[in-house]
Each structure stands twice: as structure tokens, then as C-alpha cells.
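Participant: So the sequences go chain by chain: A and B. The first sequence: position 107 = 107 (the working numbering), numbered continuously. Position in the second sequence counted from 1, then plus 158, gives you the working numbering. Don't be surprised by glycine CBs; every beta carbon is placed ideally from N, CA and C.
There are 2 protein chains.
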Amino acid sequence: MAASARRLEDPPGSAFLLAALGAHAAARFAERIAALDVTPAQTGLLRAIAATPGQSQQVLAQLLGTPPSRLVGLVDSLADRGLVERRRNPTDRRLHALHLTADGATLVERIETIGREHDDAILRSLKDSERARLRSLLARIAEDQGLTPGVHPSYRRL
Amino acid sequence: MAASARRLEDPPGSAFLLAALGAHAAARFAERIAALDVTPAQTGLLRAIAATPGQSQQVLAQLLGTPPSRLVGLVDSLADRGLVERRRNPTDRRLHALHLTADGATLVERIETIGREHDDAILRSLKDSERARLRSLLARIAEDQGLTPGVHPSYRRL
DNA sequence: AATAACGATTACAATCCTGAACGGTTCACC
DNA sequence: GGTGAACCGTTCAGGATTGTAATCGTTATT
Numbered sequence: 001m002a003a004s005a006r007r008l009e010d011p012p013g014s015a016f017l018l019a020a021l022g023a024h025a026a027a028r029f030a031e032r033i034a035a036l037d038v039t040p041a042q043t044g045l046l047r048a049i050a051a052t053p054g055q056s057q058q059v060l061a062q063l064l065g066t067p068p069s070r071l072v073g074l075v076d077s078l079a080d081r082g083l084v085e086r087r088r089n090p091t092d093r094r095l096h097a098l099h100l101t102a103d104g105a106t107l108v109e110r111i112e113t114i115g116r117e118h119d120d121a122i123l124r125s126l127k128d129s130e131r132a133r134l135r136s137l138l139a140r141i142a143e144d145q146g147l148t149p150g151v152h153p154s155y156r157r158l
Numbered sequence: 159m160a161a162s163a164r165r166l167e168d169p170p171g172s173a174f175l176l177a178a179l180g181a182h183a184a185a186r187f188a189e190r191i192a193a194l195d196v197t198p199a200q201t202g203l204l205r206a207i208a209a210t211p212g213q214s215q216q217v218l219a220q221l222l223g224t225p226p227s228r229l230v231g232l233v234d235s236l237a238d239r240g241l242v243e244r245r246r247n248p249t250d251r252r253l254h255a256l257h258l259t260a261d262g263a264t265l266v267e268r269i270e271t272i273g274r275e276h277d278d279a280i281l282r283s284l285k286d287s288e289r290a291r292l293r294s295l296l297a298r299i300a301e302d303q304g305l306t307p308g309v310h311p312s313y314r315r316l
């Protein structure tokens with residue numbers, strides 16, 4: 001009989017801590033933005049459209065790493081609420097260029113505010129210098145792991 | 159027209175980085191253990207049983223933060239493969255005490271090995287001293303945020 | 001002009017989770 | 001001691017989400 005009897009409390013590794021904390025942060029953020037009646041997926045799409053307006057759904061789907069069919073429902077839900085517009089491209093009428101409406105733009109602003117509050121809530125136990133250190137470490141891992149900056153990997157196959 | 163035009167690349171905050179990296183780490187881990195034909199949820203349950211054997215499903219459900227009905231299927235899938243045993247408690251025949259079989263124990267060992275490899279893969283861009291620093295920062299946040307150590311929050315309402 | 005390629009959409013099936021209801025068992029209390 | 005409440009595990013139906021493949025309209029190719 002080997003020693004085993006590993007306790008549940010000793011964490012199995014930093015990567016697990018990372019995953020657990022990431023899920024926690026994501027869940028908390030989802031709670032916050034629920035007040036605005038948006039889901040994390042919608043938020044990511046709004047952010048992407050705000051960053052590069054006028055793109056086709058195809059391009060956007062590739063950027064986010066999601067099947068195009070999934071974008072349809074997402075865009076629908078935002079378009080129905082008047083936050084996003086599908087503008088047909090006159091020269092190529094297959095394309096739907098996505099743009100934010102005025103309402104959509106102000107919503108993105110609110111989301112960014114909530115994001116900053118969320119950030120503070122999650123990191124409240126760290127001093128500013130420690131926050132900077134953490135951010136730098138995380139950024140290095142993210143780059144090494146090939147994450148596209150500003151895009152949440154959950155669009156891919158989750 | 160305000161300045162806006164935030165680029166997608168500048169990350170919206172460390173909490174977002176955390177969430178993105180956590181999702182990435184979780185997805186990669188899921189890929190690894192898929193070779194053993196287990197899901198992350200099953201892995202967490204196996205770990206919990208290994209840490210505190212003989213517990214009832216009710217207690218386990220509360221520890222993991224999941225509705226008991228969700229445990230049933232999880233335990234079923236592991237029991238069908240002979241990794242976990244449900245033992246009726248003779249003094250209180252309502253309870254099902256959960257234990258690992260020999261196969262289950264060796265599987266947990268393999269999962270721990272994979273976990274260490276996974277850890278190295280995620281953190282490969284960091285020196286040992288930096289890994290220690292990161293771990294300490296993450297642990298502090300996790301404690302401050304009230305995460306139960308060793309338990310992945312995704313069992314709760316995801 | 002015919003056919004292939006392409007963007008967006010729809011249809012469909014598969015998966016997973018939640019919440020309530022259900023049998024079997026034990027406990028509390030009169 | 002017997003009756004009803006509480007409890008454990010299970011089951012069941014409903015809802016939400018996602019990926020694959022077929023479909024429709026439009027454009028490019030030859």
C-alpha cells in the first residue's frame with residue numbers, strides 16, 4: 001500500500017488553479033453583465049464588432065474561432081434588440097457587414113465599465129505592484145500558448 | 159465622436175486574461191485526459207473520492223457544489239467501468255458510500271501524472287522562480303474569492 | 001451560359017443540465 | 001409502537017446549447 005492519500009486541499013498544480021480561477025472569474029462576470037441582459041458570448045461578439053466594424057460574419061467567425069452557424073443566432077439576438085446592424089454590401093450582396101448601432105456603442109461602454117469593476121473585485125486582494133506582476137506573467141503565458149489577444153477561447157469547441 | 163476605437167488586441171483586464179487562460183488550460187487538460195476516456199467532471203469526482211473515500215453522494219454533491227441528480231450519472235458512468243463502487247451502508251441503507259476500486263486508484267495515479275505534464279506544458283515559458291510567484295498570487299486570489307481548494311467551480315451551475 | 005465556389009442561414013440531432021417528483025428508508029414524536 | 005416528516009438516491013421531462021450537414025441566394029470561373 002503506497003503512501004497515496006493525497007488530500008483534496010493540496011492543489012494538483014498551478015494550471016488547475018488557473019482553470020478554477022478562470023472559471024470563477026468568468027462566472028462572476030456573467031453575473032454582472034446579466035444585469036444588462038447580455039451573455040458572455042454576446043459580449044465577446046460586441047467587443048469584436050466594436051474593434052473591427054464592417055467585417056463579414058465569415059471573417060468574424062474565423063477571428064473568434066467559431067462555426068459560422070453559431071454566429072447567426074448570436075447576431076440575431078443582438079440585431080433584434082437594435083444593438084447591431086447587418087448591412088448588405090452593395091458590391092457583393094452575399095456579405096453582411098456588421099456594425100454597432102448607437103445603442104450598441106453605449107452598451108459596449110457600459111460593459112467596459114463593468115469589466116473594470118469586475119477586474120477590481122477579482123484582484124482586490126493584490127497590491128498594484130502585484131497586479132502588474134500577475135498581468136505580465138499571465139500575458140507571457142497567453143502569448144506562449146498562442147491565444148489570440150482579446151478573444152475568449154470558449155468560442156472554440158466548448 | 160469620442161476617441162473610442164479600442165482595439166481588440168489590448169486586453170480588457172487581467173480578469174479577462176485569467177478567464178481566457180483558464181478556459182484554455184481546461185480545454186487542453188480535457189484533451190489530454192480524453193486519451194483515458196474520462197471527462198474533466200469525472201476526473202474531479204474521482205479526485206474527490208480518492209481524497210475522502212466512503213462519503214455519501216449527498217456529502218460529495220455538497221462538497222463539489224453540484225445538484226445530487228447530476229452526481230448520479232457521473233457515478234454511474236464510473237461504476238459501469240468498474241472504477242468506483244457504491245457500497246450500501248448496513249446501518250443506514252439509504253446511503254451509498256463511494257469507494258475507488260483498484261482500477262480506479264491506478265487511473266487516478268495516471269491522471270495525476272497527466273496533470274503534472276499538463277502543468278509543465280502550460281507554464282513552460284516561465285522560470286521556476288516565476289512559477290512560484292504566479293502560484294502564490296493565484297492562491298491568494300483563490301482564497302480571497304472563497305474558492306474551495308481542489309474543487310473546480312464549474313460544478314456549480316454551468 | 002453552365003458550373004463551381006462562397007456567404008449566410010436553416011434543419012436536425014446529440015449532448016448536457018436543472019428542478020421537480022418519486023420510491024425506499026430512517027428518524028421524531030406522540 | 002405507529003404515524004408522519006425528513007432524508008437519500010434516482011428518475012423523468014423540459015430547456016438550453018452546439019456542431020454537422022443540407023439549403024438558398026449570390027458571385028466568380030471558364
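#1: Report the three-state DSSP secondary structure of residue 97 (chain A) (helix, strand or coil).
#2: Below 8 Å, can you find three or more Cβ-Cβ pairs linking the region 34-41 of chain A to the region 133-144 of chain A?
#3: Tell me whether the beta-carbon of residue 204 (chain B) lies closer than 8 Å to the beta-carbon of residue 266 (chain B).
#4: CB residue 191 (chain B) to CB residue 272 (chain B), shorter than 8 Å?
#5: Just to confirm my understanding: we take residue 79 (chain A), look at its own chain, exclude 5 residues before and 5 after, and list those with CB closer than 8 Å. What are they?
#6: Looking only at DSSP bridge pairs, what is residue 85 (chain A) linked to?
#7: Decide if the region 68-82 of chain A is in contact with the region 176-190 of chain B; the criterion is three or more beta carbon pairs, one per stretch, under 8 Å apart.
#8: Mind checking which residues open and close the alpha helix (DSSP H) that includes residue 156 (chain A)?
#9: Look up residue 304 (chain B) in the DSSP assignment and say whether it is helix, strand or coil.
#10: Expressed to the nearest angstrom, what Euclidean distance is found between the alpha-carbon atoms of residue 208 (chain B) and residue 128 (chain A)?
#11: Skipping 5 residues on each side, what residues in its chain have a beta carbon closer than 7 Å to that of residue 215 (chain B)?
#12: Find the residues of chain A that neighbour residue 172 (chain B), judging by a C-beta separation of less than 7 Å, and give them in chain order.
#13: Nearest CA to the CA of residue 53 (chain A): which residue from A:126, A:101 and A:132?
#14: For residue 152 (chain A) and residue 17 (chain A), I'd like the C-alpha separation in whole angstroms.
#15: Indicate, with yes or no, if the ligand FMN has a heavy atom lying under 7 Å from the CB of residue 61 (chain A).
#16: Quick one: complete beta strand (DSSP E) runs, 3+ long, within the region 20-88 of chain A?
#17: Can a CB atom of chain B be found closer than 8 Å to the CB of residue 142 (chain A)?
#18: Given a threshold of 16 other Cβ atoms within 10 Å of its Cβ, counted over all protein chains shown, does residue 91 (chain A) qualify as buried or as exposed?
#19: Taking only the alpha-carbon atoms, compute the straight-line gap between residue 89 (chain A) and residue 155 (chain A) and give it to the nearest angstrom.
#20: Which residues in the same chain as residue 276 (chain B) place their Cβ atom closer than 6 Å to its Cβ, once the five residues preceding and following it in sequence are excluded?
Facilitator: For this structure:
#1: Here residue 97 (chain A) sits in strand by DSSP.
#2: A contact is defined here as three or more CB-CB pairs under 8 Å, and the region 34-41 of chain A fails this definition with respect to the region 133-144 of chain A.
#3: For residue 204 (chain B) and residue 266 (chain B), yes; Cβs fall inside 8 Å.
#4: In this structure, residue 191 (chain B) lies near residue 272 (chain B), with their beta-carbon atoms less than 8 Å apart.
#5: Annotation for residue 79 (chain A): 85 and 86 place their beta carbon closer than 8 Å to its own, counting only its chain and skipping 5 residues before and after.
#6: Note: residue 85 (chain A) sits in a beta bridge opposite A:99.
#7: Fewer than three Cβ pairs drawn from the region 68-82 of chain A and the region 176-190 of chain B lie within less than 8 Å of each other, which leaves the two stretches out of contact.
#8: For residue 156 (chain A), no alpha helix (DSSP H) encloses it, and the DSSP letter there is neither H nor E.
#9: If DSSP states are grouped into helix, strand and coil, residue 304 (chain B) belongs with coil.
#10: Going by the C-alpha atoms only, they are around 39 Å apart.
#11: Once the five neighbours on either side are set aside, the close Cβ partners of residue 215 (chain B) are 226, 229, 233, 254 and 256.
#12: Against residue 172 (chain B), the close residues of chain A are 119, 123, 131, 134, 135 and 138, in the order they occur along the chain (beta-carbon pairs closer than 7 Å).
#13: Nearest Cα to residue 53 (chain A) within the set A:126, A:101 and A:132: A:101.
#14: Those two C-alpha atoms are separated by around 18 Å.
#15: Annotation note on the ligand FMN: not contained in the displayed structure, which lists no ligands.
#16: With a minimum length of 3 residues, the continuous beta strand (DSSP E) runs that stay inside the region 20-88 of chain A are 84-88.
#17: Closer than 8 Å: yes.
#18: Exposed is the call here.
#19: One alpha carbon belongs to residue 89 (chain A), the other to residue 155 (chain A), and they sit about 26 Å apart.
#20: So the list reads 187 and 190, once near-sequence residues are dropped.
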